[in-house]
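Numbering (full-length UniProt numbering), first residue to last: 1 to 718. Note that the Cβ used here is the ideal one computed from N, Cα and C, for glycine as well. Treat the numbers as computed from the prediction; the structure is a model and nothing was measured. What follows is a single structure, written as structure tokens, with notes after it.
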């Protein structure tokens, strides 16, 4: 295989909503450049890109897949990304290591929510975008309507390069307004017939050509001057202008294809090879020190490991981008993240599961290696003397959680190892061993995301597992002051145990004044604060302890033991065993015995006095509440609103955004357990949502009663 220099390499992310035809387009692209002799199909489970068992089982992409195409003397590295919103992490990774987003739109359904989400990610990362209208041969295909919708959503920068002469099952011809030619195909697609534009289409084609020339000229002063003088640009001048427009994101070209019938694919690839920016045309990436790292083949060698998989018959495969320098086999590199060394024994160019061994990869290129000892996704590998560190990929917060456990508890350690490996393959799978909930919590982007993991663990690793509803991390607090005292006394021969503690508790708020006195019934309790401890709690909030002991009723050496007793109850609240927070305790009196008093006695006395006072202080349970934003089509907005209100949501606002309705709400975490599944069902998969923790709020009284009852029943059974 030829060694491609940095100025001959283009990196492209193939993106689009679920079902838009990305994997089918990849087959046609590979066929057109001669990598494969026969195009596979998703239905036959024989495509280059969907080669994992789970993908063949489900019939659509689960992982991003990398392939290269040698075309027109250039090397196109393409990352085919899953379309389902559950696997958005793959698209985010791909866009961070490529330079251009090729977004497929199904002409039958137009711009879907997933398309908008992907476009927003491209905008955030400042990546050029090319659109391809696919499935123009579909029964419900539209062209003019979809172009109008795209301009409404993405702006006037959307500029057609081609338009079809007809859509639907009869689609077989289109006009290319860049080359000003008519392309047509036989029933099986393949090589087109290229002709002059028919007379009846000339006026429309010339008007679209003029718009394209104007859009290209806007990106270069010299071209603009020539356009004003001659109202014409050569083909090469147009390509230059469009390339600059792509880099500046001032033009979004639109192509027409039928990936299934291989119509328009070669012409689109010609554009990718001739016009799309090279690696060196794009802004240089920035390392963690904020320094630009230019892709120089003669620069210091640095690799960024962006993907790790365990593949059939191979084992662990590590995918990387050469950020700087030139990579050759046998080189030793430092893993700057883990402090270890790695030898890159072999390097490969990749087409799905087909890996071709090569002798050299230059800056900007994408490749793979196998059997690294310690490298993980997100690591940087540098040659000696190089100190680059890259950490530029940011993933969205999880939307769906389940508690996970093995069917056989003896397999817990084995499951932990598997989950760690899974997280390295897909960082949007997050695993937490929750001490508070006493569960292993698996978080992801949706139900299908987690169901895919379950399928792989049970079928690939042969380990049966169970998903359960995760417990909710409630908090307990109080709403008024209360007083209690408790005497712990135990005598069983020899030295006994004795400790008595009197205390007052009250709700704590930041900046509240020091206590002076409390009144309970007809009696007033005066507080003289000798010392105050503010204890920030790991789970949020504070415990504030005021030592108000006078006259030596309790020796100061026993105060730490009492505080430990208070913390025992803060860690396991009296109501439901949840963490307690935001309580101020004033220890004002007590008794001790010259012989029998010890630390354990006062720890138990403090704990029990606190429990009694807590129950008398109008205790309340707090629940986590999330900020939720839902993007929905207008025709199902009422159904989505009704569902949210059934989940105890508080609607905070509504607005329109790029052709969709946006609902902002605060929703208890408890009610969001299966929301991704419900939303998909209500809207036919046309909606998306994001959520993040907002605050802890009081639960309604009926919910609190139910929680107390459930906790009491559980402990009575024990």
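Buried or exposed for residue i, please, with buried defined as at least 16 other CB atoms from any protein chain shown within 10 angstroms of its CB.
i, result
"residue 561", "buried"
"residue 198", "exposed"
"residue 387", "exposed"
"residue 459", "exposed"
"residue 169", "exposed"
"residue 268", "buried"
"residue 85", "buried"
"residue 160", "buried"
"residue 530", "exposed"
"residue 321", "buried"
"residue 313", "exposed"
"residue 693", "exposed"
Starting from the C-beta of residue i, find all residues in its chain whose C-beta is less than 6 Å away, skip the five residues before and the five after it, and write them out in chain order.
i, result
"residue 343", "332"
"residue 443", "398, 401 and 430"
"residue 368", "317, 319, 348 and 350"
"residue 205", "175, 177 and 197"
"residue 40", "27, 46 and 47"
"residue 496", "490 and 596"
"residue 301", "325 and 383"
Expressed to the nearest angstrom, what Euclidean distance is found between the alpha-carbon atoms of residue i and residue j?
i, j, result
"residue 700", "residue 663", "23 Å"
"residue 591", "residue 554", "6 Å"
"residue 53", "residue 565", "54 Å"
"residue 707", "residue 623", "11 Å"
"residue 219", "residue 250", "8 Å"
"residue 636", "residue 681", "11 Å"
"residue 568", "residue 97", "49 Å"
"residue 415", "residue 21", "35 Å"
"residue 256", "residue 667", "42 Å"
"residue 492", "residue 691", "57 Å"
"residue 441", "residue 345", "38 Å"
"residue 135", "residue 141", "7 Å"
"residue 354", "residue 410", "38 Å"
"residue 288", "residue 610", "49 Å"
"residue 557", "residue 696", "36 Å"
"residue 698", "residue 484", "24 Å"
"residue 229", "residue 210", "14 Å"
"residue 8", "residue 182", "29 Å"
"residue 669", "residue 164", "48 Å"
"residue 418", "residue 502", "51 Å"
"residue 173", "residue 184", "4 Å"
"residue 323", "residue 476", "51 Å"
With distances taken Cα to Cα, identify the nearest neighbour of residue i among the options.
i, options, result
"residue 606", "638, 651 and 499", "499"
"residue 487", "49, 94, 597 and 92", "597"
"residue 259", "571, 165, 28 and 550", "28"
"residue 657", "195, 246, 325 and 634", "634"
"residue 12", "703, 44, 31 and 77", "77"
"residue 577", "449, 715 and 641", "715"
"residue 391", "336, 451, 371 and 329", "336"
"residue 167", "120, 263, 247 and 115", "263"
"residue 127", "56, 456, 285 and 84", "285"
"residue 710", "479, 471, 642 and 673", "471"
"residue 570", "543, 34 and 289", "543"
"residue 713", "183, 372 and 575", "575"
"residue 188", "180, 261 and 154", "261"
"residue 446", "203, 107, 685 and 2", "685"
"residue 327", "314, 312, 308 and 358", "358"
"residue 291", "239, 389, 221 and 238", "389"
"residue 627", "31, 665, 310 and 117", "665"
Using a Cβ-Cβ cutoff of less than 7 Å, which residues in the same chain neighbour residue i once the five nearest sequence positions on both sides are dropped?
i, result
"residue 541", "581 and 582"
"residue 375", "305, 318, 335, 342 and 381"
"residue 180", "197, 205 and 209"
Quick one: what's got a C-beta closer than 8 Å to residue i's C-beta in the same chain, skipping five residues either side?
i, result
"residue 423", "429, 430 and 431"
"residue 227", "213, 214, 217 and 233"
"residue 82", "18, 60, 61, 62, 63, 64, 90 and 91"
"residue 519", "525"
"residue 702", "none"
At which residue ranges does the region 432–464 contain complete beta strand (DSSP E) runs of 3 or more residues, listed in the order of the chain?
Taking only runs of at least 3 residues, the beta strand (DSSP E) segments lying wholly in the region 432–464 are 439–444.
Uninterrupted beta strand (DSSP E) stretches inside the region 531–592 (no shorter than 3 residues):
As far as the region 531–592 is concerned, its whole beta strand (DSSP E) runs of at least 3 residues are 531–536, 542–547 and 583–591.
Where are the beta strand (DSSP E) runs, 3 residues long or more, that stay fully inside the region 594–655, in chain order?
620–632
My parser needs the beta strand (DSSP E) runs of 3 or more residues fully inside the region 300–349; what are they?
Listed in chain order, the complete beta strand (DSSP E) runs (minimum 3 residues) inside the region 300–349 are 302–311, 315–324, 331–335 and 340–344.
I'd like the ranges of any beta strand (DSSP E) spanning at least 3 consecutive residues and lying wholly in the region 181–234.
181–184 and 193–195
Ordered list of beta strand (DSSP E) runs contained in the region 378–415, each at least 3 residues:
The region 378–415 contains, as complete beta strand (DSSP E) runs of 3+ residues, the segments 380–382 and 400–406 (chain order).
Complete runs of the alpha helix (DSSP H) confined to the region 45–75 [at least 4 residues]:
53–58
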